[in-house]
Amino acid sequence: MITTARPYDVLLVEDDLADAMLIQDALAERGGARNFTQVEDGLAALEYLRDPTHAQPDLIVLDLNMPRMNGRELLAILKDDVDLRAIPVVVLTTSAAPDDVTEAYRRHANAYVTKPVNLEDFEEAVRSIDAFYLDTAAKLPKE
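Residues in the sequence shown are numbered from 2 upward in steps of one, following this note's numbering.
This is the structure in structure tokens:
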């Protein structure tokens with residue numbers, strides 16, 4: 002287990018406020034030092050990420066189906082941007098369509114997780130993502 006000396010910054014790009022609350026609650030249940038920011042679409046995510054007053058997140062959790070700029074478009078922009086491409090991106094979405102999974106990995110998503118319909122399974126999926134990135138994976142050093 003890797004211990005974190007500083008808070009872990011998570012950016013959630015999710016337009017469904019109920020899902021966003023469930024995700025935040027599941028993360029809070031695990032404990033640990035975590036800064037959690039939620040935006041509702043890809044354009045808002047880019048504004049947040051490009052604002053020099055905001056810390057770069059350690060992890061982006063990304064829904065695919067959103068208004069204005071969807072997750073597919075945002076993922077392509079993130080992974081083409083030299084300043085943002087190293088941030089791990091986990092797609093967490095309702096779509097289990099093989100084309101969506103293939104496209105997400107082709108665009109360099111770090112993981113693809115389909116949102117379970119069952120509440121307990123949904124919370125466990127979120128906790129598993131968090132456990133891997135917070136407890137196991139090494140974080141990029143902050144500049």
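Yeah, the Cβ is synthetic: ideal placement off N, Cα and C, and Gly gets one too.
- A distance of 8 angstroms or more separates the beta carbons of I88 and L76.
- Bridge pairing for T38: L12 [DSSP].
- Contact between T38 and L12 holds, since their C-beta atoms are separated by about 5 angstroms, short of 8 angstroms.
- Unbroken alpha helix (DSSP H) stretches of 4 residues or longer found wholly inside the segment 46-116: 72-81, 99-107, given in chain order.
- Closest by C-alpha distance to L18, out of L120, L135, Y9, V40, is V40.
- Looking from the CA of T94, the closest CA among P8, Y9, D16 belongs to D16.
- Sequence-distant partners of L63 (beyond 5 residues in either direction) whose C-beta falls short of 6 angstroms from its own C-beta, in its chain, are V14, G72, V90, V92.
- Note on geometry: alpha-carbon atoms of P68 and L47 lie some 14 angstroms from one another.
- Inclusion of D10 and D59 in the CB contact set at 8 angstroms is warranted, their separation being smaller than that value.
- Rounded to the nearest angstrom, the gap between the Cα atoms of E124 and D84 is 31 angstroms.
- Using a 10 angstroms sphere on the CB of V118, the tally of other CB atoms stays under 16, which defines it as exposed.
- In this structure, DSSP gives G43 a helical state, which the three-state scheme calls helix.
- With 16 or more neighbouring CB atoms inside 10 Å of its own CB, L65 falls in the buried class.
- Taking C-alpha positions only, H109 is separated from S96 by approximately 17 angstroms.
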